[in-house]
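Participant: Take a look at the following structure, please.
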Amino acid sequence: MKVFCGRANPTTGSLEWLEEDEHYDYHQEIARADKMAQWAQVLAAKPEDLSSVLGTHMVEGEHQLPQNCLLTFTHAPRSSYADMLHDKDRNIKYYQGIRAAVSRIKDKGQKALVLDIGTGTGLLSMMAVTAGADFCYAIEVFKPMADAAVKIVEKNGFSDKIKVINKHSTEVTVGPDGDLPCRANILVTELFDTELIGEGALPSYEHAHRHLVQEDCEAVPHRATVYAQLVESRRMWSWNKLFPIRVETSLGEQIIVPPSELERCPGAPSVCDIQLNQVSPADFTVLSDVLTMFSVDFSKQVSSSAACHSRQFVPVASGQAQVVLSWWDIEMDPEGKIKCTMAPFWAQTDPQELQWRDHWMQCVYFLPHEEPVVQGSPRSLVAHHDDYCVWYSLRRISPDENESISEVRPVCDCQAHLLWNRPRFGEINDQDRTDQYAQALRTVLKPGSICLCVSDGSLLSVLAHHLGAEQVFTVESSVASYRLMKRIFKVNHLEDKISIINKRPELLTSADLEGKKVSLLLGEPFFTTSLLPWHNLYFWYVRTSVDQHLAPGAVVMPQAASLHAMIVEFRDLWRIRMPCGDCEGFDVHIMDDMIKRSLDFRESREAEPHPLWEYPCRSLSEPQQILTFDFQQPIPQQPVCAKGSMELRRPGKSHGAVLWMEYQLTPDSTVSTGLMNPAEDKGNCCWNPHCKQAVYFLSTTLDPTLPLDGPQSVSYAVEFHPLTGDITMAFRLADILN
1 MKVFCGRANP TTGSLEWLEE DEHYDYHQEI ARADKMAQWA QVLAAKPEDL SSVLGTHMVE
61 GEHQLPQNCL LTFTHAPRSS YADMLHDKDR NIKYYQGIRA AVSRIKDKGQ KALVLDIGTG
121 TGLLSMMAVT AGADFCYAIE VFKPMADAAV KIVEKNGFSD KIKVINKHST EVTVGPDGDL
181 PCRANILVTE LFDTELIGEG ALPSYEHAHR HLVQEDCEAV PHRATVYAQL VESRRMWSWN
241 KLFPIRVETS LGEQIIVPPS ELERCPGAPS VCDIQLNQVS PADFTVLSDV LTMFSVDFSK
301 QVSSSAACHS RQFVPVASGQ AQVVLSWWDI EMDPEGKIKC TMAPFWAQTD PQELQWRDHW
361 MQCVYFLPHE EPVVQGSPRS LVAHHDDYCV WYSLRRISPD ENESISEVRP VCDCQAHLLW
421 NRPRFGEIND QDRTDQYAQA LRTVLKPGSI CLCVSDGSLL SVLAHHLGAE QVFTVESSVA
481 SYRLMKRIFK VNHLEDKISI INKRPELLTS ADLEGKKVSL LLGEPFFTTS LLPWHNLYFW
541 YVRTSVDQHL APGAVVMPQA ASLHAMIVEF RDLWRIRMPC GDCEGFDVHI MDDMIKRSLD
601 FRESREAEPH PLWEYPCRSL SEPQQILTFD FQQPIPQQPV CAKGSMELRR PGKSHGAVLW
661 MEYQLTPDST VSTGLMNPAE DKGNCCWNPH CKQAVYFLST TLDPTLPLDG PQSVSYAVEF
721 HPLTGDITMA FRLADILN
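Under the numbering used here, the residues of the sequence shown are numbered 1 to 738, in order.
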């Protein structure tokens, strides 16, 4: 059986319907670990604003899809299961906790009956049986994973003591004819995400205690505790608010100010999860000690109802309260002797034992509004949560102990946070970047310039106006983006000076441009639907489609783009692609094979987008320009190809190739979405913090984790296909045995 899958092509701007195998979505789910932020935005947005998130050059008409069809987006393909299996600290702590729980039940003279919710590979169930459990019921709702768990359990010789149940835990029945003959007395789960409760842990626990486990059951983990720390951080605050932007003009400094709606808006409702250990301490000022916000005892009845927890504290410094940094730990036993923590390095008792994790990171929460706090003057930090989400607010100490605390979750009402993700906010707020674009514009603007700006939610049109363009047109494909830019223009008194056109740029007519020819075509380029660095080549397709509207000798900025690559050794990121093989003494090769088969699907063979400022690496080769794209000319009809090799100048472990785009604004000005400075002597890299770079993991046929003894090379073949907008690539590590 085949299904039609809608594939939004971010490079060409088209929606393609492809015929795929019926298990296509299963394979994609196995291969991917990153949550789809765009879908989270779609679900949070109003239905009529669907196009504002995806872009109307992606979705047209009534924003409805044919029945029985799947809409998929290319994003980072990697396995979350394998990521967790590589987390040795997690595995050891769970094993210790399970042994202790089974022992306590046995000491009571009872049989140890284990319920394992979200079993995945069955690892925790196998640990329980090895620890002496009499029987385990392993619940797994995802059928391909449940099937794999059955095989893994059989491979390890536990089929007689582990029953894999392919259901959601809320559908599991208990009784003589049920899935479980009786209630379990040990509850083992791993239902947590970076936010702790974002994967539905609370409803699952609530149901399990009511229907599936005994009242006095043991639970592993036994308890979870959420911590928070209040900070001031201009860098992180720039991910949530639009700052005033300064432009030096012939008439003096002009300031682009944000509309009041953006200043009042509490921001995106979703958590910002990052590798907090990679944020420099110089980027924030600590305003409070680490606060214990709330705990959940998993051995007792759990409630998924909305709640809030207030903690009074005395600020340790004065400043603007803007951001709450948050993390959690889990205690595997009632005594709290077996603990697994997500704390960043400065909150660890022994930072030397810091465990790298990508499946559990740390959280950044933005307060609805920044507020001043004064050192020594007590305040209260409030953690709110519903069944899936956490958010924070700051309160003054009130003499009225009965003062109610609002539990309503703040959501974006300005739409900017639905259109611009957090890195995009940071990019727009980067004054140095703005200055570079302004300087480039000064060199290309001429008296009488007619400008057309083609980028999503870009302020280039405002820069062009302030720097002397005679007339400026800007295109916004989505209705929501059109409305947002109208508000920005209005508050800056530009509504009569910049013409904003709400349509796809490919559909522009001469009437839209008031019969004028464009002398300067502008783009950052940035489009909200781009995930991989080269997806912004959509600008080239737009440039080609508007060719008829360009005046003779028209200038295009950027003039050209180039694709660059470099071979790197990752400090930790390589773990997400390495097979597990043996995990704490259990054979999970079947899981490795399952992931490998899923990674053979089309999207999963491509490079993956990763924000490399969060994932340190060393360069083993010099950066190399692979392909060039001349925006002064329309897109060629024939593919653009390149072959060559990169010499490895430093010894190390060749984990992969990093790829990024550089845009030549003018002959003297280039903007990089990747490497910001030449690598240091030891190869340490500084990456653009506003962009995701692409990572192509090298084949593990010749184990890339093996150190190279001397200079080697990596060969490459890269091809850009103008018809589809795809870039195909292959990198091959030289045989280190030769």
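Where a beta carbon is used, it is the ideal one built from N, C-alpha and C, also for glycine.
Pick helix, strand or coil for residue 332, following the three-state DSSP scheme.
Facilitator: coil
Participant: What do you get for residue 723, buried or exposed, if any count of 16 or more other CB atoms within 10 angstroms of its CB means buried?
Facilitator: Under this definition residue 723 is an exposed residue.
Participant: What do you reckon, are the CB atoms on residue 219 and residue 113 nearer than 8 Å?
Facilitator: no
Participant: DSSP puts residue 395 in a beta bridge; with which residues?
Facilitator: 380
Participant: Under three-state DSSP, which class holds residue 548?
Facilitator: In the three-state DSSP reduction, residue 548 falls in the helix class (H, G or I).
Participant: How big is the Cα-Cα spacing for residue 228 and residue 341?
Facilitator: 13 Å
Participant: As a quick exercise: from 303, 328, 360, 189, pick the residue whose alpha carbon is nearest that of residue 203.
Facilitator: 303
Participant: Just to confirm my understanding: we take residue 752, look at its own chain, exclude 5 residues before and 5 after, and list those with CB closer than 8 Å. What are they?
Facilitator: In this structure the chain extends from 1 to 738, so residue 752 is not present and cannot be described.
Participant: What residues in its chain sit with their C-beta under 7 Å from that of residue 111, if we drop five residues either side in the sequence?
Facilitator: 134
Participant: Could you compute how far the alpha carbon of residue 267 sits from the alpha carbon of residue 97?
Facilitator: 39 Å
Participant: Using beta-carbon positions only, say whether residue 287 and residue 343 come within less than 8 Å of one another.
Facilitator: no
Participant: Tell me which same chain residues have a C-beta within less than 7 Å of the C-beta of residue 132, skipping the five on either side of it?
Facilitator: Within the same chain, 102, 106, 112 come within 7 Å of residue 132 by CB-CB distance, once the 5 residues on both sides are set aside.
Participant: Can you list, in chain order, the residues of its chain whose CB lies under 6 Å from that of residue 158, leaving out five sequence neighbours each side?
Facilitator: Only 126, 129 meet the Cβ criterion.
Participant: For residue 116, report the span of its beta strand (DSSP E) as first-last.
Facilitator: 113–117
Participant: Should the segment 257–274 be regarded as contacting the segment 361–371, the criterion being three or more beta carbon pairs within less than 8 Å?
Facilitator: yes
Participant: Residue range of the beta strand (DSSP E) that residue 660 falls in?
Facilitator: 656–666
Participant: Ignoring anything shorter than 4 residues, give me the alpha helix (DSSP H) runs that lie fully in the segment 435–467, in order along the chain.
Facilitator: Correct list: 460–466.
Participant: Quick one: give me the first and last residue of the beta strand (DSSP E) that residue 726 is part of.
Facilitator: 726–733
Participant: Which runs of the alpha helix (DSSP H) at least 4 residues long sit entirely within the segment 476–560? Give them in chain order.
Facilitator: 479–491, 538–545
Participant: Judging by CA-CA distance, which residue of 534, 196, 467, 520 is the nearest neighbour of residue 390?
Facilitator: 196
Participant: Cα separation between residue 469 and residue 87?
Facilitator: 56 Å
Participant: When we look at the beta-carbon of residue 178 and count the other beta-carbons within 10 Å, is it buried (16 or more) or exposed?
Facilitator: That one is exposed.
Participant: From the DSSP output, read off the bridge partner residues of residue 582.
Facilitator: 587
Participant: Could you tell me which whole alpha helix (DSSP H) segments of length 4 or greater appear in the segment 118–160?
Facilitator: 123–130, 143–155
Participant: Mind checking which residues open and close the alpha helix (DSSP H) that includes residue 408?
Facilitator: Segment: none, residue 408 is in no alpha helix (DSSP H) and carries neither H nor E.
Participant: Under three-state DSSP, which class holds residue 646?
Facilitator: strand
Participant: Between the segment 686–697 and the segment 582–598, are three or more C-beta pairs nearer than 8 Å?
Facilitator: no
Participant: Scan the segment 342–368 and note each continuous beta strand (DSSP E) run of 3 residues or more that stays entirely inside, going in chain order.
Facilitator: Counting whole runs of 3 or more residues, the segment 342–368 contains no beta strand (DSSP E) stretch at all.
Participant: Is residue 677 buried or exposed, if buried means 16 or more other CB atoms sit within 10 Å of its CB?
Facilitator: exposed
Participant: Determine, using beta carbons only, whether residue 167 and residue 188 come nearer to each other than 8 Å.
Facilitator: Not in contact: residue 167 and residue 188 (Cβ atoms no closer than 8 Å).
Participant: Between 429, 381, 408, which has its C-alpha nearest residue 293's C-alpha?
Facilitator: 381
Participant: Mind checking which residues open and close the beta strand (DSSP E) that includes residue 163?
Facilitator: 162–165
Participant: Nearest by alpha-carbon distance to residue 540: which of 331, 369, 591, 454 is it?
Facilitator: 454
Participant: Which residue comes first and which comes last in the alpha helix (DSSP H) that contains residue 91?
Facilitator: 88–107
Participant: Give the DSSP-derived three-state secondary structure of residue 234 in the structure shown.
Facilitator: The answer is helix: DSSP assigns residue 234 an H, G or I state.
Participant: On the criterion of 16 or more Cβ atoms from any shown chain inside 10 Å, does residue 730 qualify as buried, or is it exposed?
Facilitator: exposed
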